[in-house]
Amino acid sequence: MQEKSLPPPGSRPGTLAPPPDSPPTRIRVVSYDAETLEERTIDNVESLAAYTATTRATWVDVQGFGDEHVLRRIADLFDVHPLALEDAVNVPHRASTEVRGRHHVIIARAMQRDDRGRLTSPQVCLVLGPRVLITFQDHYLGLFEPVRERIREGIGPMRRLGPDYLAYALLDAIVDRWFPVLDAVAQGLEQAEDQVIEDSGPQTLGRLHRLRRDVTVLRRVGWPQREALQSILRDPSAMVSEEVRSYLRDTSDHMTQIMEGVDACREMVTGLMDLHLSTLGHRTNEVMKVLTLMASIFIPLTFLAGLYGMNFHDMPELDNPYAYPILLAIMVAIAVAMLVWFRRRGWIGPLRRGARIDSDDDAGD
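Under the working numbering, residues 1207 to 1571 are what the sequence shown spells out, in order.
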């Protein structure tokens, strides 16, 4: 999980504390309507002033928080509330939605794995205005390249509708990032289930703990995002048209579907951990049963060996030339009789036969 960047205690509201590893700020602008399209990278932040009063839909994509003065200047040009800028820069925040001043501020969290295979949830802040959408990302993530391509193609309602539809498209791209991660976790749980049944050892327990950690991350990040999307649909003051709400409702349904899958994975990992512990306990009981049966067989044999091993002179059996083989025969008979008795009691034999029968039935299915 991403470490939260925090301002010093007691700082005034609006204090920025960008992540220390955040790269220099890069600004990309896409301005469009149904007939025209303009894309450019902004080198001088003052160039953004030309887009403050535009009549076309404009997307200002801010990537990297390394230049605090640039971030503050962007907020000044577009009249972004200082608290909204603070939430955008001091990452990560839980997913949320609220109206601040002239803008609707939406914080969303994507989901992906880093180079070491750990789950990360990069934050994206969307500041939606009447004609302008500003997005803030602390790194160059490449989350929205498919959306840029859709704008270039100009097919469908992308360029016909305003920045609220663009906000929907970006949120939909963020939510879509969750599906491959959830599928990988579910597949890992299925493999872990087979491992628990076939060979439940310490490695299995470690794998289950990693899966449980992933499910916990998905649930902790996903539930606020689900609530935020539903809140946008319920809020009449949200800067989203009725036509766009129908699209956004589909994204909200996808997030609900994801969280239902996360809850199913959570129940499954809990059940697998219980099954793992139960399997270990059963194997321990089986080992103890075998050791107990072996000890029970040797108790009478040890008694006979100890009886005739005593140092007494008057033991007539010792003078009999057949005493030794007779004693061995008696010991063998006792051991065989006890094994037969254990088998009739169901302590040995039937369990193994039952396991083989179950295995054969599974193979037949």
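Just so it is clear, CB atoms sit at the ideal spot from N, CA and C, and this is done for glycine as well. What you are looking at is a predicted structure, and each value in this text was computed from that prediction instead of being measured.
If you draw a straight line from the alpha carbon of residue i to that of residue j, how long is it in whole angstroms?
i	j	result
W1464	R1425	Checking the sequence shown, residue 1464 turns out to be Ile, not Trp. Near 10 Å, if we compare the C-alpha coordinates of R1425 and I1464.
L1325	H1309	31 Å
V1450	A1470	31 Å
R1416	T1476	12 Å
L1510	I1503	12 Å
G1335	L1254	15 Å
E1466	G1428	10 Å
Q1409	R1419	15 Å
F1385	H1460	9 Å
T1457	Y1374	8 Å
A1390	D1320	14 Å
G1360	L1376	16 Å
L1439	L1454	8 Å
A1290	R1489	57 Å
D1572	C1331	Since the displayed the chain opens at 1207 and closes at 1571, residue 1572 lies outside it and no answer follows.
E1448	L1367	12 Å
Q1355	A1263	Going by the sequence as given, residue 1355 is Glu instead of Gln. Computed Cα separation, rounded: 16 Å.
I1505	L1524	22 Å
L1435	E1492	52 Å
Q1343	P1225	11 Å
G1487	I1403	13 Å
Give the secondary structure of residue i by DSSP, where H, G and I count as helix, E and B as strand, and everything else as coil.
i	result
H1310	strand
F1504	helix
S1237	strand
I1554	coil
S1443	coil
D1267	strand
S1302	strand
R1232	strand
L1376	helix
F1350	coil
V1338	strand
V1330	strand
I1498	The identity of residue 1498 in the sequence shown is Thr, whereas the question assumes Ile. Note: T1498 maps to helix in three-state DSSP.
D1571	Interpretation of D1571 is limited by its pLDDT of 49, a score under 50 that renders its predicted location unreliable; the figure taken from the coordinates is listed afterwards. In the structure shown, D1571 sits in coil (DSSP, three-state: anything other than H, G, I, E or B).
L1283	helix
D1222	Checking the sequence shown, residue 1222 turns out to be Leu, not Asp. Of the three classes helix, strand and coil, the one that applies to L1222 here is coil, per DSSP.
L1533	helix
I1464	helix
Restricting to Cα atoms, I'd like to know which of the options is closest to residue i.
i	options	result
T1261	L1332, R1232, T1341, A1240	A1240
A1543	M1516, Y1530, L1507, T1242	L1507
F1548	K1495, H1519, A1529	K1495
E1433	D1249, M1521, S1302, R1218	S1302
Assuming residue i contacts residue j (C-beta within less than 8 Å), just tell me the rounded distance between them.
i	j	result
P1430	R1300	4 Å
L1349	I1380	7 Å
D1340	F1271	For the sequence presented, residue 1340 should be read as Ile rather than Asp. About 13 Å; that fails the 8 Å criterion.
Y1346	Q1269	5 Å
Y1257	V1235	6 Å
So, for residue i: in the same chain, excluding its five sequence neighbours on each side, which residues have a beta-carbon less than 6 Å away from its beta-carbon?
i	result
R1559	Only weak support is given to the placement of R1559: the predicted model assigns it a pLDDT of 45, under 50, and the value that follows is read from those uncertain coordinates. Cβ within range, chain order: n/a, list empty.
Q1329	V1297, P1298, R1315
Who are the near neighbours of residue i in its chain, counting only those whose CB is closer than 7 Å to its CB and skipping five residues on each side?
i	result
E1399	L1478
E1252	none
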